[in-house]
Amino acid sequence: MTLTDEHVQQQTFEVRNPANGDVVGVYAVHSEADVHAAVARARGAAAWWSALPHAERSERLTQWRAVLTRRMAQLADVVHREMGKPHSDAMLEIVLAIDHLAWATKHARKVLGPHRVSPGMLMANQSATLEYHPLGVVGVIGPWNYPVFTPMGSVIYALAAGNAVVFKPSEFAPGVGTWLADSFAEVCPAHPVLQVVTGFGDTGSALCRSGVDKVAFTGSTGTGKKVMATCAETLTPVVIEAGGKDALLVDEDADVEAAADAAVWGGMSNAGQTCIGVERVYVHEKVYDRFLSSVVDKTRDLRADTDLEAKLGPITMPSQIGIIRAHIDDALARGGRAVVGGADAVGERFVQPTVLVDVPEESTAVTEETFGPTLTVKKVRSMDEAVELTNATRYGLGATVFSEKRGMELARRIRSGMTSVNSVISFAAIPSLPFGGVGDSGFGRIHGADGLREFTYAKAIARQRFKPPMLLTSFSRDAKTDSRVAQLVTMLHGGASTLPKLPKRGRDRS
1 MTLTDEHVQQ QTFEVRNPAN GDVVGVYAVH SEADVHAAVA RARGAAAWWS ALPHAERSER
61 LTQWRAVLTR RMAQLADVVH REMGKPHSDA MLEIVLAIDH LAWATKHARK VLGPHRVSPG
121 MLMANQSATL EYHPLGVVGV IGPWNYPVFT PMGSVIYALA AGNAVVFKPS EFAPGVGTWL
181 ADSFAEVCPA HPVLQVVTGF GDTGSALCRS GVDKVAFTGS TGTGKKVMAT CAETLTPVVI
241 EAGGKDALLV DEDADVEAAA DAAVWGGMSN AGQTCIGVER VYVHEKVYDR FLSSVVDKTR
301 DLRADTDLEA KLGPITMPSQ IGIIRAHIDD ALARGGRAVV GGADAVGERF VQPTVLVDVP
361 EESTAVTEET FGPTLTVKKV RSMDEAVELT NATRYGLGAT VFSEKRGMEL ARRIRSGMTS
421 VNSVISFAAI PSLPFGGVGD SGFGRIHGAD GLREFTYAKA IARQRFKPPM LLTSFSRDAK
481 TDSRVAQLVT MLHGGASTLP KLPKRGRDRS
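Following the UniProt record's numbering, the numbering of the sequence shown begins with 1 at its first residue and continues without gaps.
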């Protein structure tokens, strides 16, 4: 417990390194009053920030990018201490975030600024303009697994669009969120454009009820539903990026070695704690044996531990250990086999890589998000079967296809918000592509032009350039005008050439 300036006791919480249990920080549990005060401060900051010309906002965001770039190693060390994540993995998510910041800064004016659109034929005397205005204050609720890259996908695009942000990081990574806000304050010290509130679920709920203009949430599907329900009380719109059960498909003409490497990295990196990570693999029967052999060889070289040689870190949330164990046990109980790892792979803090085969599709290892370093690998007769199995889920976040001839075709048939062809998770690293899912994986988009627009509202402006030859918006409109309008519309849209050609009678072979 600590004392505030008002000499009122304020609750605090400890953050521990999941790899060894060491305390790495103590942070305030911000109350509902604290959150509302932060949002009130953000209102004033938003008025100032949104009124700045695009060039001035761009200059400050560019300065922030420089700070992040110069201090990457420092930020990576914070991520490592709070998450136990290897430094190399922490650096990767930081550099990706920096690249997104560069893209959003460069393209915000072009995407959101005024541009002319067609007024159509009936309103040809009008000039039609579309532009996008910032919402005001955006609340961001971030996850713990990628504490820099994932929330920054909302923070960056909201700021570039002209909003102020109140960011509630995960209780497992409050130091990362605080570090980011402090670094932004260095380039924008006079106005609280980016603030952080820390705490648990109640702090997040308070942010949802605080009157922010939109909430961007990343986390589990179950928590996402709670966020939606809370935001519905005040009709606050939301962006939900929830869980996934992403599949990787391997066609008979695929580069098998590349596909195996992608499956192992996509499934095991960050100890499998990746919402867009690979959890299911469907492999054409003609290349199944070669693929599985390669996956086994590559996986056996991986190890989860704390030393510098270990490629995988700990499982961050203690409760996730039980879920991973339950999924592996269920797969084995239903007749599945572990060709790497297995039941004894699950420890107190670490889970060793596990590859499961012959797992029935109804097993929780296939149907539920595992969020651990596990893969289920299944042999299929064709890519049609692979697509059918891939789509037989309530999730729809990401996917991967390895195929030389049919890659794009198969990608389009998969029900997911994002798909990579002959690479893995590459869509997340491309700033111009939107990021998000369908079904229980959520809705709305971050990243790219769609991500910028997500944190704005569309403003339509029509300006009369000259008096219309036929005044339609007046009670002075007479029958003669109505007749002329009907004739014009018929001439423009009622011609036979606009109708589909019908088959000749007696020759319909459909």
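The beta-carbon is built from N, C-alpha and C at its ideal position, and this holds for glycine as well.
Take residue i and list the residues in its own chain whose beta-carbon comes closer than 7 Å to its own, dropping the five residues that flank it on each side.
i, result
"Ser170", "Gly142, Pro143, Trp144, Pro147"
"Met408", "Val421"
"Leu135", "Asn163, Asp213, Lys214, Phe455, Thr456, Tyr457"
"Leu302", "Met268, Lys311, Leu312, Pro353"
"Ala42", "Val137, Ala164, Val166, Pro192, Gln195"
"Leu488", "none"
Suppose the cutoff is 8 Å on Cβ atoms and the five residues either side in sequence are ignored; what does the same chain contact list for residue i look like?
i, result
"Val15", "Val23, Val24, Gly25, Val26, Tyr27, Glu82, Glu171, Phe172, Ala173, Pro174, Gly175"
"Asp440", "Thr221, Ala242, Gly243, Arg394, Tyr395, Gly396"
"Lys459", "Leu130, Glu131, Tyr132, His133"
"Arg337", "Leu356, Val357, Asp358"
"Thr481", "Met470, Leu471, Leu472"
Identify the continuous alpha helix (DSSP H) that holds residue i and give its terminal residues.
i, result
"Gly266", "256-268"
"Arg325", "318-333"
"Ile156", "149-160"
"Leu302", "First-last for Leu302: undefined, no H or E at that position."
"Leu492", "479-493"
"Ala190", "It is not in any alpha helix (DSSP H) - Ala190 carries neither H nor E in the DSSP assignment."
"Ala428", "426-429"
Assuming residue i and residue j form a contact by the criterion Cβ under 8 Å, report the distance between their Cβ atoms to the nearest whole angstrom.
i, j, result
"Thr393", "Ala331", "Not really, about 16 Å apart at Cβ, beyond 8 Å."
"Asp213", "Val137", "6 Å"
"Val250", "Val281", "7 Å"
"Leu389", "Val380", "7 Å"
"Met383", "His284", "7 Å"
"Ala428", "Ile414", "Ala428 to Ile414, Cβ: 16 Å. No contact."
"Gly224", "Ile240", "4 Å"
"Ile94", "Leu75", "6 Å"
"Ile323", "Ala343", "Not confirmed; about 14 Å, so no contact."
Output the distance between the C-alpha atoms of residue i and residue j, rounded to the nearest integer angstrom.
i, j, result
"Gly199", "Val79", "18 Å"
"Thr105", "Gly451", "12 Å"
"Thr234", "Ala486", "45 Å"
"Val287", "Ala254", "8 Å"
"Leu471", "Arg477", "7 Å"
"Phe371", "Gly120", "51 Å"
"Gly495", "Ser474", "29 Å"
"Glu32", "Ser205", "8 Å"
"Thr364", "Arg334", "10 Å"
"Ser423", "Ala263", "10 Å"
"Leu39", "His87", "For the sequence presented, residue 39 should be read as Val rather than Leu. For Val39 and His87, the distance between alpha carbons rounds to 34 Å."
"Gly437", "Glu385", "22 Å"
"Lys467", "Ser483", "19 Å"
"Leu101", "Val355", "36 Å"
"Thr62", "Val111", "18 Å"
"Leu68", "Leu159", "16 Å"
"Thr218", "Pro53", "30 Å"
"Leu292", "Ala258", "12 Å"
"Gly211", "Glu309", "47 Å"
"His493", "Met123", "15 Å"
"Ala260", "Ser183", "40 Å"
"Ala73", "Ala271", "21 Å"
"Arg290", "Arg445", "38 Å"
"Thr498", "Val256", "Here the model assigns Thr498 a pLDDT of 49, short of 50, so the residue's position is not dependable, and the following value carries that caveat. Roughly 49 Å between the two C-alpha positions."
"Ile430", "Leu96", "9 Å"
"Ala190", "Lys226", "35 Å"
Could you tell me the boundaries of the beta strand (DSSP E) in which residue i lies?
i, result
"Gln464", "456-464"
"Glu404", "Element bounds for Glu404: n/a, residue is neither H nor E."
"Arg16", "12-16"
"Glu241", "238-241"
"Gly139", "137-141"
"Lys168", "164-168"
"Tyr146", "Note, Tyr146: premise wrong, no beta strand (DSSP E); not H, not E."
"Met342", "Rather than Met, the amino acid found at residue 342 in this sequence is Gly. Unbroken run through Gly342: none, as it is neither H nor E."
"residue 514", "Past the boundaries of the shown model lies residue 514; the chain is included only from 1 to 510, so the question cannot be answered."
"Val351", "Neither: Val351 is in no beta strand (DSSP E) and is coded neither H nor E."
"residue 522", "With the chain covering 1 to 510 only, the question about residue 522 has no answer from this structure."
At least one CB of chain B closer than 8 Å to the CB of residue i: is that the case?
i, result
"Leu130", "Among the chains in the structure shown there is no chain B, since it carries only a single protein chain."
Here's a check: name, in chain order, each residue in its chain whose Cβ is nearer than 6 Å to the Cβ of residue i, leaving out the five neighbours to either side.
i, result
"Phe350", "Ala304, Pro314"
"Lys85", "Val79, Gly313"
"Asn391", "Arg415"
"Arg463", "Ser127"
"Ser58", "Thr105"
"Gly341", "Gln352, Pro353, Thr354"
Please give the ranges of any beta strand (DSSP E) in the region 48-132, keeping only runs that are unbroken, at least 3 residues long and fully inside the region. 115-117
Residue ranges of each beta strand (DSSP E) run of no fewer than 3 residues wholly in the region 266-292, ordered along the chain? List check, beta strand (DSSP E) in window: 278-284.
Quick one: complete alpha helix (DSSP H) runs, 4+ long, within the region 366-396? 383-391
Pick out the complete alpha helix (DSSP H) segments inside the region 206-254, 4 residues or longer, and give them in chain order. 221-232
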